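Heads up: the structure comes next, in structure tokens.
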């Protein structure tokens, strides 16, 4: 595999040559936002949705958007073209730039823009067939989880707790209700109905979350977007996680106990087939009100 090419502040270069000053506010404060955009067969998947969310994240922290939507799309495609894998995960980060350390925002400082691409590894077949383990944890993150910021220490601590428990992800609860995972949205199935927490400041508005709801409704799967109580999650027939890189996976054990019969359920298998078909079509998901 050839050298990895990245983009930094207007220039493409080998990853080894990319440098950011230590006074960049992304380094000092975690003052920035990011996106991860999957690409299948070199075609970015749901690109418009990802760029919409990037814009919303920048607006949410008062960070000036340095590019138009068309310019962002062109850069994403250029990064993909300059790297070898057919399936890629494009990481895009924008920080408030380089300035003397001060909590107040600097004036007239250009944002730092960094993009790189890694090979997008397929989800292991054994995880699709057998599902993954999860543990439940209290959601102790900040109250602006709808913004995709680089300040991810709380998420990292939660994910590490899951890893140390031998699990792939955590299922988070706040005040008795489901929020999401450390790096994924979470769904529950009760009977034949798919339950999804509503979008709010407490969960990331997942692009794959939107696609799951769109596909479910299009295939006549009953959907309820509403607050989901912890008791409903623990009694669920199926649990799923979704993200741009994990796609859709069944959670088959929670806190060491089987979810349903301990195997990916029939509604998950319908969704997985629908998701694979959508990937093959390579189309952007339609807007979903949730």
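Residue numbers (our numbering): 946 to 1235. Cβ atoms here follow ideal geometry from the backbone N, Cα and C, with glycine treated the same way. Please read all numbers here as calculations on a predicted model, not as lab measurements.
Determine, using beta carbons only, whether residue 1217 and residue 1187 come nearer to each other than 8 Å.
no
Which partner residues of residue 1061 appear in the DSSP bridge assignment?
1036
According to DSSP, what are the bridge partners of residue 977?
1040
Taking its Cβ as the centre, do 16 or more other Cβ atoms sit within 10 Å of residue 909, making it buried, or is it exposed?
In the structure displayed, the chain extends from 946 to 1235; residue 909 sits before or after that span and is not available.
Own chain partners of residue 1129 with C-beta closer than 7 Å, once the 5 adjacent residues on each side are dropped:
1114, 1186, 1187, 1188, 1191
For residue 991 and residue 1119, I'd like the C-alpha separation in whole angstroms.
30 Å
Taking just the CA atoms, how far does residue 994 sit from residue 1229?
Confidence in residue 1229 is poor, its pLDDT being 45 and thus under 50, which makes the residue's placement too unreliable to answer from.
Close beta carbons around residue 1231, own chain, < 8 Å, minus the five adjacent residues each side:
Low confidence applies here, because residue 1231 scores a pLDDT of 41, under 50, leaving its location unreliable; read the following figure in that light. For residue 1231, where only same-chain residues beyond five positions count, the Cβ hits under 8 Å are 1159.
Exposed unless 16 or more other CB atoms sit within 10 angstroms - verdict on residue 958:
exposed
Short of 7 Å in beta carbon distance, which residues of its chain neighbour residue 1233, apart from the five on each side in sequence? Order them along the chain.
Residue placement at residue 1233 is poorly supported in this model, since its pLDDT is 36, which falls under 50; the coordinates still yield a value, given next. Once the five neighbours on either side are set aside, the close Cβ partners of residue 1233 are 1155, 1158, 1159.
Contact check, residue 1021 vs residue 1035 under 8 Å by CB: the rounded distance?
6 Å
Take residue 1207 and list the residues in its own chain whose beta-carbon comes closer than 7 Å to its own, dropping the five residues that flank it on each side.
1197, 1198
Applying the 10 Å Cβ sphere with the 16-neighbour rule, what's the burial state of residue 1017?
buried
Drop a sphere of 10 angstroms on the beta-carbon of residue 1086, count the other beta-carbons inside from all chains shown, and report buried for 16 or more, exposed for fewer.
buried
With a Cβ-Cβ cutoff of 8 Å, do residue 1094 and residue 1006 count as a contact?
yes
Rounded to the nearest angstrom, what separates residue 950 and residue 1101 at their Cα positions?
27 Å
Do you know how far the Cα of residue 1117 is from the Cα of residue 1079?
10 Å
Using the C-alpha atoms, what's the distance from residue 1003 back to residue 967?
22 Å
Could you spell out where the beta strand (DSSP E) holding residue 1198 opens and where it closes?
1192 to 1199
Pair within 8 Å by beta-carbon distance, residue 1194 and residue 1077:
yes
With DSSP as the reference, label residue 950 as helix, strand or coil.
strand
Among 981, 1011, 989, nearest to residue 998 - alpha-carbon criterion
981
Residue range of the unbroken alpha helix (DSSP H) whose run includes residue 1212
1211 to 1226
Inter-residue spacing [alpha-carbon to alpha-carbon] between residue 1000 and residue 1010:
7 Å
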